[in-house]
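Taken in sequence, the protein lines are chains A and B. Each number in this note's numbering comes from the position in the first sequence (counting from 1) with 52 added on. Each number in this note's numbering comes from the position in the second sequence (counting from 1) with 100 added on. Each residue gets a CB set at the ideal place from its N, CA and C atoms; glycine is no exception. Fair warning: this is a prediction, and the values are worked out from it, not measured in the lab. What follows is one structure encoded as structure tokens, with my remarks underneath.
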Amino acid sequence: MFKKLVLGAAAIAMVSGAQITTSVAQETLYVPSLSYRTGPYAGGGTPIANGFADYFNMLNARDGGIGGLKVVVEECETGYNAQKGVECYEATKGKGALVYNPYSTGITLQLIPKAPVDKIPVLSMGYGLSAAARGETFPWTFTYPTSYWSQMSSILKYIDANGGLKGKKIGYIYLVSGYGKEPIPILESLAKTIGFDVVQFPVAGKEMQNQSSQWLNVRKEKPDWMIMWGWGAMNATAIKEAAKIRFPMDRFIGNWWAAAHADLNPVGAAGKGYLGANFSGVGTNFPALQDVLKLVVDAGKSQAKKEDVGNVLYNRGLFNAVIVAEAISTAQKMTGKKSITGSDMRVGLENFNLSEARLKELGLEGFTGAIKGDCVDHEGGGSIFIQQWDGSDWKRVSDLIPPMSDLVGPMLDAAAAKYVADKPEWQTQKCS
Amino acid sequence: MFYREAGQFKTNYQADQAVFPILQDRMAIGAILVIAFVAIPYFGNDFFINSMMIPFLIFSLAAIGLNILTGYTGQISLGTGAFMGVGAYSCYKLATIFPEVNIIFLIVVSGFFSAGIGVIFGLPSLRIKGFYLVVTTLAAQFFLEWAFITVRWLYNYNDSGAIEVPQREVMGVIITGASATPMARYLVVLSIVVVMTWIASNIIHGRIGRSWMMIRDMDIAAELMGVRPLYAKLSAFAVSSFYAGVAGAMMVFLWLGAAEVESFDVNHSFLILFMVVLGGLGSLLGSFLGAAFIWVLPIIIRAAPGVFGLDISAATGEHVNFMIIGVLIIFFLIVEPHGLARLWAIGKQKLRTWPFPY
Numbered sequence: 053m054f055k056k057l058v059l060g061a062a063a064i065a066m067v068s069g070a071q072i073t074t075s076v077a078q079e080t081l082y083v084p085s086l087s088y089r090t091g092p093y094a095g096g097g098t099p100i101a102n103g104f105a106d107y108f109n110m111l112n113a114r115d116g117g118i119g120g121l122k123v124v125v126e127e128c129e130t131g132y133n134a135q136k137g138v139e140c141y142e143a144t145k146g147k148g149a150l151v152y153n154p155y156s157t158g159i160t161l162q163l164i165p166k167a168p169v170d171k172i173p174v175l176s177m178g179y180g181l182s183a184a185a186r187g188e189t190f191p192w193t194f195t196y197p198t199s200y201w202s203q204m205s206s207i208l209k210y211i212d213a214n215g216g217l218k219g220k221k222i223g224y225i226y227l228v229s230g231y232g233k234e235p236i237p238i239l240e241s242l243a244k245t246i247g248f249d250v251v252q253f254p255v256a257g258k259e260m261q262n263q264s265s266q267w268l269n270v271r272k273e274k275p276d277w278m279i280m281w282g283w284g285a286m287n288a289t290a291i292k293e294a295a296k297i298r299f300p301m302d303r304f305i306g307n308w309w310a311a312a313h314a315d316l317n318p319v320g321a322a323g324k325g326y327l328g329a330n331f332s333g334v335g336t337n338f339p340a341l342q343d344v345l346k347l348v349v350d351a352g353k354s355q356a357k358k359e360d361v362g363n364v365l366y367n368r369g370l371f372n373a374v375i376v377a378e379a380i381s382t383a384q385k386m387t388g389k390k391s392i393t394g395s396d397m398r399v400g401l402e403n404f405n406l407s408e409a410r411l412k413e414l415g416l417e418g419f420t421g422a423i424k425g426d427c428v429d430h431e432g433g434g435s436i437f438i439q440q441w442d443g444s445d446w447k448r449v450s451d452l453i454p455p456m457s458d459l460v461g462p463m464l465d466a467a468a469a470k471y472v473a474d475k476p477e478w479q480t481q482k483c484s
Numbered sequence: 101m102f103y104r105e106a107g108q109f110k111t112n113y114q115a116d117q118a119v120f121p122i123l124q125d126r127m128a129i130g131a132i133l134v135i136a137f138v139a140i141p142y143f144g145n146d147f148f149i150n151s152m153m154i155p156f157l158i159f160s161l162a163a164i165g166l167n168i169l170t171g172y173t174g175q176i177s178l179g180t181g182a183f184m185g186v187g188a189y190s191c192y193k194l195a196t197i198f199p200e201v202n203i204i205f206l207i208v209v210s211g212f213f214s215a216g217i218g219v220i221f222g223l224p225s226l227r228i229k230g231f232y233l234v235v236t237t238l239a240a241q242f243f244l245e246w247a248f249i250t251v252r253w254l255y256n257y258n259d260s261g262a263i264e265v266p267q268r269e270v271m272g273v274i275i276t277g278a279s280a281t282p283m284a285r286y287l288v289v290l291s292i293v294v295v296m297t298w299i300a301s302n303i304i305h306g307r308i309g310r311s312w313m314m315i316r317d318m319d320i321a322a323e324l325m326g327v328r329p330l331y332a333k334l335s336a337f338a339v340s341s342f343y344a345g346v347a348g349a350m351m352v353f354l355w356l357g358a359a360e361v362e363s364f365d366v367n368h369s370f371l372i373l374f375m376v377v378l379g380g381l382g383s384l385l386g387s388f389l390g391a392a393f394i395w396v397l398p399i400i401i402r403a404a405p406g407v408f409g410l411d412i413s414a415a416t417g418e419h420v421n422f423m424i425i426g427v428l429i430i431f432f433l434i435v436e437p438h439g440l441a442r443l444w445a446i447g448k449q450k451l452r453t454w455p456f457p458y
């Protein structure tokens, strides 16, 4: 027995002795993908990772990559766990990573301070730290197309347009985590400025599948509208509970992580009327998605099932890839180099301009609103639209709703200033 | 053959009672320390130091903490994650309130806060034992997690509820914050872990440690022989939580750089309990072996397909990883229920008599 153990130990030692870096061919564009196909949030992480990888594979197959260089997407499994996320970051940053898309607010918070040191930008697409929308304070972090705070104001705008907001009672049900707590300051501040009441219903991560007490409180408080910042199994549970207490579904709005097919499929017809925010088009009725279907999915190069292409979260991951791809090509144009670095990528992200015309060129007309960032604005305009569940699928029901920039802007400035207040060494930048 | 104590004569009691009575053992310890302090910083790349060595050392320290409580005193605890959190949050508060104080000092001091909380939640251990104590420590875990979310003062009213490590220098070298080099952080972690392991070894081999082991082996007999359970159990809780607290503070300040409450959830308590059980209850060496097994081995397995040029997806790799680690845990526990440390001891015994075993 002992002999076997020694042999086993020797085998393990041999594996560890070998180099733990894989070589990536020289001239490529390396984009790490911090995915989570395992763990409690895999239901959301898998379609995002599929959409992200498939778009780049499509570009590789159709255009030969970006600017003539192939894009290499390497997935690293985080399990939505911040510690594993940091491990993935360390494992991939040395291979010439251009940009990180952490897909978890927890991992984003860890990477934001590392980005200026390693000179690799972080693109937290519509999640993470809202204050990162301020480019002068956060030169290396981008939140295209919008931040949680801006999104919250857009949702409130929608409520205002559908029956008024003043004097109403808004219930806010959220996952107790960095993610769920992020929009509370803006909600409380807007409640004062606009004049409505806020009732909070926190849901702890462990109890997210047992929300009866929260919804009992909802019944007691009788809010006019409910807004949800949920993720994973929390969403379907909340919608089921809402249906149980007969809360009007068309007064219940989920944010863009709480309104996906994965959340509503288990609810089905009971969730009819439920509203959700979104910024990436639904369905496959776009030329770019047809290309993905033809060149990647039908060619058997995708991990996604054909019927899942075009789902809310799949398209979200694909949209993330579109932003990265556009930033890469902008960076290539600005620097005149084909093979770019993380610093060049930042230039590309700062001069990011996804106009309606460009969207049409990309084959994504009507997929989302135009985004234009610059040195100061790392948020890029950030409109969302509202979609509604019809019992079996999502239907877009509103036009693009821009955020209340006049109200959110000063708060973002204050939050950014607060973030760096106790960090004298923090690297900021000047924008002319 | 080479591992033989023949000819090593002890001329005084001190030498005879040493923790490592055999010369070869002392040489091996010295060699390990030289490798850890010189060779690894010199040859190791960032990934190796940052993602393998630093977490390995931090989890080893936490495992030592739990081993003191569970392995040496026999009090099972599921609150280690939360006690690590107490250390981390108090270190964060201290570092922001006293920005000019040496951060290494604050990391160690935050252990005392954790020790205090540990003593409070250790009080039920005077009345209840075994599984019932597990439940009360689990309650500590959930209560503290709740407190880390609800008491906003703890994270300075940060909007995201996260603690973010400020940059601090010691003697002109940046050791916390994103600008700190992995090597600097590694050397600080290593120094703290080595010193604290040495202290733990001394406590365990001394009067206090013996009273813990007496309580573990039979508390009534221990009481009859003059060990006061109040002091023995509470001191075990205090020392254990101190170690966990320092490990937690190091985890946030010298490894992660920022943390939310999820970094201290019950899964981490289980993780560290597994390290202790697998490594060997009642063994300092076991704490290191267990931490290496639970933390370092999965990273190696994850990297293995790339080394051999196999192209498997990240998720498949992760699933395979879960399976291999699960099978190995079962295998080792069947082969040697007393953990890896016991296997090591058996191996050492065999080496001593090799090649003529009797």
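When only Cα atoms are considered, D106/A and V374/A end up about 11 Å apart. A113/A carries a helical assignment under DSSP once its states are collapsed to helix, strand and coil. In the DSSP assignment, E142/A falls outside any beta strand (DSSP E) and lies within the alpha helix (DSSP H) extending over A134 to K145. For Y226/A, the uninterrupted beta strand (DSSP E) segment begins and ends at K221 to L227. Straight across, the Cα-Cα distance linking A473/A with E234/A is about 19 Å.
With its beta carbon at least 8 Å from every one in chain B, G103/A lies outside the interface. Within chain B, the residues placing a beta-carbon under 7 Å from that of L181/A are S260, ordered along the chain.
Contact note: A321/B does not reach chain A at a C-beta cutoff of 7 Å; the least C-beta distance is about 35 Å. G216/A is outside the set of residues whose beta carbon lies under 8 Å from a beta carbon in chain B. Take Q135/A, set aside five residues on each side of it, and no residue of its chain has a beta-carbon closer than 8 Å to its own.
Counting C-beta pairs closer than 8 Å gives fewer than three between the region 288 to 298 of chain A and the region 238 to 245 of chain A, which falls short of the contact rule. Taking the C-beta atoms as reference points, T198/A is found nearer than 8 Å to G178/A. Contact check for I399/B against L378/B fails: the beta carbons are separated by 8 Å or more. For V364/A, the closest C-alpha among the options L347/A, L341/A, W267/A and G461/A is that of L341/A. Two segments are said to touch when three or more pairs of C-beta atoms, one from each, lie closer than 8 Å; by this definition the region 165 to 181 of chain B touches the region 358 to 377 of chain B.
If the five residues before and after Q261/A are omitted, its C-beta is found closer than 7 Å to the C-beta atoms of A285 and T289, all from its own chain and listed in chain order. DSSP lists I222/A as the bridge partner or partners of V250/A. Against chain A, the beta carbon of G417/B has neighbours under 8 Å at E129, listed in chain order. Sequence-distant Cβ neighbours of K353/A in its own chain, meaning closer than 6 Å and more than five residues away, are N109.
Between the region 337 to 350 of chain B and the region 115 to 132 of chain B there are fewer than three inter-stretch CB-CB distances shorter than 8 Å, so the stretches are not counted as touching.
Checking the DSSP bridge columns, you'll see W446/A partnered with W441/A. Cβ atoms of I238/A and S265/A stay farther apart than 8 Å, at about 26 Å. Judged by DSSP secondary structure, N302/B falls within the alpha helix (DSSP H) whose first and last residues are P282 to H305. Here A338/B carries a helix assignment [DSSP, helix/strand/coil]. Rounded to the nearest angstrom, the gap between the Cα atoms of A358/B and I263/B is 5 Å. Residues of chain B whose Cβ lies closer than 9 Å to the Cβ of A143/A are, in chain order, F147, S151, I399, R402 and A403. In the DSSP annotation of this structure, the continuous segment of the alpha helix (DSSP H) that includes T236/B starts and ends at F231 to T250. Each residue's CA atom was taken as its position, placing I222/A and G272/B some 52 Å apart. Among the CB atoms of chain B, none fall inside 8 Å of the CB of T393/A. Excluding its 5 nearest sequence neighbours in each direction, D170/A has C-beta neighbours in its own chain below 8 Å: K145 and G394, listed in chain order.
Per the coordinates, the alpha-carbon of A131/B lies some 28 Å from the alpha-carbon of T276/B.
A direct Cα-to-Cα measurement between A240/B and P168/A gives close to 38 Å. Non-local C-beta neighbours of G333/A in its own chain, meaning closer than 7 Å and more than five positions away in sequence, comprise N367, G418, F419 and T420, ordered along the chain. Burial is judged here by how many other beta carbons sit within 10 angstroms of a residue's own beta carbon; N133/A has at least 16 and is buried. Its Cα nearest to that of A162/B, the residue A188/B stands out among N150/B, S151/B, A188/B and Y232/B. Taking a contact as a CB-CB distance under 8 Å, the pair P154/A and S176/A counts as one, their CB atoms being some 6 Å apart.
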